[in-house]
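K.L.:
To start, I am sharing the structure in question, which I have written as structure tokens.
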Amino acid sequence: MFERSAGPARCPDYLRLAAIAGLFALPVVMLLFYSLSARGQAEPTLRAWRYLFAERRNFLSALASSLSYGFSAVIVAFVSCVLPAKAIARAHGSHTAAIEAVLLTPALLPSISFAIGIHQLFIRAGLVDTWVGVLLILSFVSYPYMLRALIASYESIDPAYEQCARNLGAGALRTFLRVELPFLLPGAAAGGSVVFLVAFSDYFLVFLVGGGIVPAFTSYLVPFIRSADYSIASALSIIFLLVPIGLFVLQDRALTLLLRRRGMSV
């Protein structure tokens with residue numbers, strides 16, 4: 003009798019998770035290492051962090067500006083995508099897919115090619131070197147992520163809920179706020195996370211439209227990378243990484259708490 007081969011040994015799940023976690027943690031560890039080092043000095047130093055503390059006014063101004071147009075881009079994308087997302091989700095015509103593809107085009111085209119073309123329009127409209135111009139260009143290139151998330155959310159909502167609210171005398175606004183919005187929140191949070199990340203981390207579009215006048219965290223970071231001052235660049239990169247992560251954690255906690263209060267599963 004031959005014994006059946008047990009086959010190749012499988013890697014335990016915890017080892018796979020550890021490998022994946024290590025893959026993402028290694029760059030962060032390297033950033034922390036470089037932020038505590040300096041050229042020609044073997045011992046750890048806080049020079050980079052002391053510099054950021056001394057220059058905290060300029061640094062925090064750039065960070066606040068990036069946060070402001072990042073959050074604003076999320077709001078603009080949500081408001082502009084609600085009606086198109088609902089129309090596409092409820093439509094059953096043969097042209098629905100084509101319309102959706104056209105609306106998602108900004109996410110498929112190279113942002114550089116698009117920005118160069120629209121830059122001339124912004125010059126004529128007087129939107130160059132303004133915060134509003136930066137907000138508009140970032141909202142336009144990132145709204146497809148919100149649109150796709152809202153379409154998926156509307157497809158999961160039974161139209162009977164809306165009809166019941168209308169039969170009970172609720173208007174369009176109240177129906178949206180009381181019936182549709184709670185179902186849209188998870189999708190809006192997912193799409194908004196991507197929109198914020200795109201807007202917050204963009205450098206080229208902000209520099210092209212903002213002209214170096216509109217403060218940006220990326221515009222503050224890039225010169226240190228070009229100057230090969232890796233200690234300050236690494237310290238800024240750690241902050242650049244921690245800010246979105248912290249905001250996403252707060253968003254997840256707030257969304258979970260809100261949905262539980264409404265008696266919805268999370």
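First residue of the sequence shown: 3, per our numbering; consecutive thereafter.
Yeah, the Cβ is synthetic: ideal placement off N, Cα and C, and Gly gets one too.
(1) Using a threshold of 9 angstroms, state whether the C-beta atoms of Y147 and V81 are closer than that.
(2) According to the neighbour-count rule (16 or more other Cβ atoms, all chains shown, within 10 Å of its Cβ), is D254 buried or exposed?
(3) Beta carbon of F209, beta carbon of A201: below 9 angstroms?
(4) Below 9 angstroms between beta carbons: does that hold for S113 and F198?
(5) Determine, using beta carbons only, whether F61 and Y222 come nearer to each other than 9 angstroms.
(6) Of all the alpha helix (DSSP H) runs that stay within the bounds of the segment 210 to 266, which reach a length of 4 or more residues?
(7) Between the C-alpha atoms of Y16 and P29, what's the straight-line distance to the nearest angstrom?
(8) By a C-beta neighbour count over all protein chains shown, 10 Å radius and 16 as the cutoff for buried, is R150 buried or exposed?
(9) For G213, collect the residues of the same chain with a Cβ closer than 7 angstroms to its Cβ; drop the 5 residues on either side in sequence, then sort them by chain order.
(10) For G128, count neighbouring C-beta atoms within 10 Å of its own C-beta (all shown protein chains included) and say buried if the count is 16 or more, exposed if not.
(11) Can you check which of these residues, S239, T258 and S74, is closest to Y145 by C-alpha distance?
(12) I need the DSSP call for A172, collapsed to helix, strand or coil.
(13) Nearest by alpha-carbon distance to P161: which of A99, A89, L65 and L187 is it?
(14) So, at 6 angstroms on beta carbons, what are the nonlocal neighbours of W133 in its own chain, with the 5 sequence-adjacent residues on each side left out?
(15) Please classify L243: is it buried, with 16 or more other beta-carbons within 10 angstroms of its beta-carbon, or exposed?
P.N.:
In terms of the structure at hand:
(1) no
(2) exposed
(3) no
(4) no
(5) Contact check for F61 against Y222 passes: the beta carbons are separated by less than 9 angstroms.
(6) The qualifying runs are 219 to 228 and 232 to 263.
(7) 21 angstroms
(8) That one is buried.
(9) The residues are V130 and D131.
(10) exposed
(11) Ranking S239, T258 and S74 by CA distance to the CA of Y145 puts S74 first.
(12) coil
(13) A89
(14) V216
(15) exposed
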